[in-house]
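Undergrad:
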Amino acid sequence: MSEMWINMGPQHPMTHGLWNLRVKIDGEVIVDVDPELGYLHRGIEKISEDRHYNEVVTLMDRTCYVAGLAWEHLYIIASEKALHIEPPERAEYLRVMCEEFQRLGSHIMWFSAFVVDIGLLTPLLYGMRDRDLVLDLFQSYTGARMTYEYMRVGGVRNDLPPGFTDRARTVLDWLMARFDEYDKLTLGSDIFHKRCDNLGILKANDCIAHGVTGPMLRSAGVKRDLRKDRPYAAYDRVEFDVAGADSADVTGRYLVRMEEMRQSVRILRQVLDWLDRNPGPVMARELPRWLGAPYAPVGREGYLLKRNYPKGVGFSSIEEPHGEAQAYIVNEGGEHPYRVKLKSPVFSNISAARQYLVGYRVADIPPIMGSVDVCIGESDR
Amino acid sequence: MAESPGAEKREESPILWVARPMATAARQFARSLWRPSTIVYPYERLEDPKFREKLEVKSGKPFGVGDIWDNYRGVHALNIETCISCNLCAFSCPDICIEMVTVAGGDPKHPKKCPEIDYGKCSFCGFCSDACPEGCLTMTTRYEITTPKRQEMVFSPERMYEIFRSKLPMNPIRLARPENEDQILLDPPLCIGCNACARDCPTQCITMLDIPKPEAKPGEKLPRRIWKEPVVNDSDCVRCGTCISVCPKECLFWGTRK
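As they're listed, the protein sequences go chains A and B. Numbered according to our numbering, the first sequence spans residues 1 to 381. Numbered according to our numbering, the second sequence spans residues 382 to 639.
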């Protein structure tokens with residue numbers, strides 16, 4: 001039998017974004033794969049060097065279209081370290097709330113896309129319907145459904161509107177009931193198990209060797225979660241368990257993500273209670289001077305250079321819905337960051353495709369790649 | 382390899398494989414039969430207050446549309462009457478889609494300028510309305526700006542004034558200014574007392590005060606200037622930097638008074 005290369009992508013229902021998976025097949029069996037990334041490169045890191053620290057937040061929303069607030073959080077932590085600012089405690093809790101709601105939204109979106117990959121169209125509509133409630137919550141306090149622009153260096157833009165926490169608790173109750181429904185629709189049928197068990201296996205040592213993080217790593221039995229291992233923001237003050245599975249296959253990743261959503265609801269209930277009890281400022285009182293007011297008039301930026309800014313370097317890594325994201329920001333003293341470097345977990349997860357695809361059939365590619373939770377916007381930036 | 386949960390019921394009849402998820406779907410179908418989640422968009426609008434009441438009663442959703450639209454960032458509304466032409470919205474725009482254009486109402490020497498927004502570029506981030514010191518540039522719940530002509534994406538100040546007068550719900554959020562904000566400082570030896578900063582200050586917070594004219598020593602030549610110096614009233618100043626940009630001698634700058 002002769003081998004041949006086929007291109008799955010850049011436009012293919014499997015890809016969930018603009019990327020190309022080149023597959024070498026021998027009949028139905030995958031012999032080799034070659035993921036090609038870079039079709040969605042927008043130069044966000046380079047544009048950031050030309051923007052004010054707060055304006056970069058608008059770009060961070062566009063890195064990942066399902067987890068915008070998580071990326072804002074990543075950038076804001078790093079830039080606050082680079083600028084030597086301490087956010088108030090309430091802002092930290094609000095950011096944790098944003099990130100956990102974003103994890104819910106992202107995982108529900110993943111669920112909707114993944115079930116389509118394995119041929120179930122009904123749960124897609126359930127997922128999209130329930131994700132809308134999370135987006136409604138975002139809209140009620142940030143003012144937008146996709147591009148939030150909510151976080152600022154030194155805090156967040158605004159406090160919660162009155163009655164928000166009660167509304168959010170209602171949504172959480174509703175979502176908790178829906179997660180059981182999702183499980184009935186998928187795990188309740190043996191067809192799901194016949195399709196997904198022992199598929200796309202990536203063992204723990206392979207995960208670590210290839211830098212694979214997030215639910216893929218946790219499904220292989222390694223309980224690695226930055227929220228627990230290296231707590232940032234207010235994660236050291238909330239209780240939750242790290243979701244995990246041992247099977248290292250597609251079913252394991254499904255179980256890890258479903259359990260993570262339940263843990264997110266648990267975190268959110270604690271955070272909402274804390275926010276109810278502790279009103280306070282959401283913005284640091286003392287900001288570096290040029291962050292408060294808009295700066296110099298166009299064409300007269302030279303005046304800014306008269307001031308002496310504290311220089312610094314900021315690094316942050318957070319547990320983004322897809323895995324461990326990292327940001328590195330160099331503050332050379334101007335009002336723009338000198339360098340913004342972002343590391344996407346999806347890039348590592350896709351790059352290890354050869355490890356978990358070779359040996360399976362062509363028809364197995366959509367479920368396996370669906371279980372990776374691909375978001376090309378953040379991997380290409 | 383560890384078995385996944387659900388593996389113990391591997392030996393059941395294949396009919397149950399299909400029947401069990403279908404029972405869940407049928408239950409959901411019955412629940413949503415008379416209250417669909419779908420919104421018939423052009424006829425029903427989430428931001429419509431009448432529709433809100435209707436939906437909250439009927440919907441099976443735990444949380445309908447409610448007041449979530451109050452903070453929405455849509456098309457801007459501009460109150461031309463209270464606009465002070467400070468340029469802060471244009472400075473703070475990350476997309477550089479705001480241009481200050483002359484509108485009627487100013488005197489010929491000091492024209493009144495209001496923002497004109499190109500919605501082809503705008504990303505609706507809200508930085509301009511956050512920066513507006515007078516609260517005259519706000520964002521409304523209007524989101525339909527589709528048009529066949531590119532020129533119609535540019536909203537003139539008068540057009541945004543019409544939106545303001547249509548009384549749409551407006552984003553009430555204002556950012557607090559930090560305590561250690563910069564002030565406008567003067568480099569006195571460079572100043573020539575030309576009055577340009579006081580003339581163009583949008584809030585009229587700069588006063589030109591007389592300074593004593595020094596006696597010329599023999600052999601020394603006094604600079605040719607008007608013997609006045611600007612004094613900035615910091616509580617009224619909105620930190621727009623107009624005075625810095627109009628100063629011909631570049632003697633004003635940002636800083637903190639010790």
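Even for Gly, the Cβ is constructed at its ideal location relative to N, Cα and C.
At a Cβ threshold of 7 Å, is residue 415/B touching chain A?
TA: Cβ-Cβ to chain A under 7 Å: no for residue 415/B.
Undergrad: Given this structure, state the Cα-to-Cα distance separating residue 80/A from residue 285/A, to the nearest angstrom.
TA: About 14 Å.
Undergrad: Please list, in chain order, the residues of the segment 39-72 of chain A that have any C-beta partner in chain B closer than 7 Å.
TA: Cβ contacts with chain B: 51, 55 and 58.
Undergrad: Pull the bridge partners of residue 383/A from the DSSP assignment, please.
TA: Since the first and last residues shown for chain A are 1 and 381, residue 383/A lies out of range.
Undergrad: Can you tell me which of the three DSSP states residue 328/A falls into?
TA: DSSP places residue 328/A in strand when its eight states are reduced to three.
Undergrad: Could you give the residue range of the alpha helix (DSSP H) that holds residue 174/A?
TA: Looking at the DSSP string, the run of the alpha helix (DSSP H) that includes residue 174/A is 164-186.
Undergrad: Within 10 Å of its beta-carbon, does residue 424/B have 16 or more other beta-carbons around it, so buried, or fewer, so exposed?
TA: By the 10 Å Cβ count, residue 424/B comes out exposed.
Undergrad: Kindly say whether residue 122/A, judged by its beta-carbon, lies nearer than 7 Å to any beta-carbon of chain B.
TA: Interface residue, yes.
Undergrad: Mapping the DSSP letters down to three states, classify residue 516/B as helix, strand or coil.
TA: In this structure, residue 516/B counts as coil in the three-state DSSP scheme.
Undergrad: Between the C-alpha atoms of residue 217/A and residue 405/B, what's the straight-line distance to the nearest angstrom?
TA: Spanning the two alpha carbons is a distance of roughly 31 Å.
Undergrad: Report yes if the C-beta distance between residue 242/A and residue 270/A is below 7 Å; otherwise report no.
TA: Result no, Cβ atoms of residue 242/A and residue 270/A do not sit closer than 7 Å.
Undergrad: Helix, strand or coil for residue 584/B? Go by DSSP, reduced to three states.
TA: Coil, per DSSP.
Undergrad: Taking residue 232/A and residue 77/A to be in contact with their CB atoms under 8 Å, please state how far apart those CB atoms are, rounded to whole angstroms.
TA: At roughly 6 Å, the Cβ-Cβ gap stays under 8 Å, so residue 232/A and residue 77/A are in contact.
Undergrad: For residue 634/B, name the three-state secondary structure that DSSP assigns.
TA: Strand, per DSSP.
Undergrad: Look at the alpha carbon of residue 598/B and the alpha carbon of residue 54/A, and state the distance between them as a whole number of angstroms.
TA: If you take the alpha carbons of residue 598/B and residue 54/A, they lie about 53 Å apart.
Undergrad: Taking a contact to mean a Cβ-Cβ separation below 7 Å, would you say residue 143/A touches residue 500/B in this structure?
TA: Not closer than 7 Å, so no.
Undergrad: So, does the CB of residue 452/B fall closer than 7 Å to a CB anywhere in chain A?
TA: Yes, because at least one Cβ of chain A sits closer than 7 Å to the Cβ of residue 452/B.
Undergrad: Determine, for residue 190/A, whether the minimum Cβ-Cβ distance to residues of chain B falls below 7 Å.
TA: Chain B contact via Cβ: present.
Undergrad: Give me the residue from 43/A, 46/A and 110/A with the minimum Cα distance to residue 260/A.
TA: Of the listed residues, the one whose Cα sits closest to residue 260/A is 110/A.
Undergrad: Since residue 543/B is in the alpha helix (DSSP H), which residue starts that stretch and which ends it?
TA: It spans 538-546 - the alpha helix (DSSP H) in which residue 543/B sits, taken as one unbroken run.
Undergrad: Which whole-angstrom value is the C-beta distance of residue 519/B and residue 510/B, which I expect to be below 8 Å?
TA: That belief holds up - the Cβ atoms of residue 519/B and residue 510/B are roughly 5 Å apart, short of 8 Å.
Undergrad: Under 8 Å, CB to CB, which of the residues in the segment 255-273 of chain A have a partner in chain B?
TA: Listed by position along the chain: 255.
Undergrad: Quick check: the Cα distance between residue 254/A and residue 431/B, rounded to an integer number of angstroms?
TA: Going from the Cα of residue 254/A to the Cα of residue 431/B covers about 41 Å.
Undergrad: Name the residue from 246/A, 362/A, 46/A and 370/A whose alpha carbon lies nearest to the alpha carbon of residue 5/A.
TA: Closest option to residue 5/A, Cα to Cα, is 362/A.
Undergrad: Can you give me the C-alpha to C-alpha distance between residue 628/B and residue 135/A, rounded to a whole angstrom?
TA: C-alpha separation (whole angstroms): 48 Å.
Undergrad: Evaluate residue 541/B with the Cβ neighbour count: other Cβ atoms within 10 Å of its Cβ, from every protein chain shown; 16 or more gives buried, anything less gives exposed.
TA: Classification of residue 541/B: buried, given that the 10 Å Cβ count is 16 or more.
Undergrad: Rounded to whole angstroms, what's the CA-CA distance from residue 35/A to residue 20/A? Just pull it up for me.
TA: Cα-Cα distance, rounded: 6 Å.
Undergrad: So the beta strand (DSSP E) residue 495/B belongs to, where does it begin and stop?
TA: Note, residue 495/B: beta strand (DSSP E), 491-499.
Undergrad: Run through the DSSP bridge pairs and tell me what residue 591/B is partnered with.
TA: Its beta-bridge partners are 609/B.
Undergrad: Between 379/A, 374/A, 380/A and 181/A, which lies nearest to residue 13/A when the distance is taken from Cα to Cα?
TA: Closest by alpha carbon: 374/A.
Undergrad: Under 8 Å between beta-carbons, which chain B residues line up against residue 127/A? List them in chain order, please.
TA: The contacting residues do not exist; residue 127/A stays about 12 Å from chain B at best.
Undergrad: Work out the CA separation of residue 146/A and residue 591/B for me, nearest whole Å.
TA: Distance between the alpha carbons of residue 591/B and residue 146/A is about 55 Å.
Undergrad: Nearest by alpha-carbon distance to residue 560/B: which of 615/B, 537/B and 415/B is it?
TA: The shortest C-alpha separation from residue 560/B is found at 615/B.
Undergrad: Does the beta carbon of residue 287/A come closer than 7 Å to any beta carbon on chain B?
TA: At least one chain B Cβ lies under 7 Å of residue 287/A.
Undergrad: Provide the residue span of the alpha helix (DSSP H) that contains residue 400/B, from first to last.
TA: Residue 400/B -> alpha helix (DSSP H) spans 395-412.
Undergrad: Quick one: using the 10 Å Cβ neighbour count with 16 as the cut-off for buried, is residue 414/B buried or exposed?
TA: Label assigned to residue 414/B: exposed.
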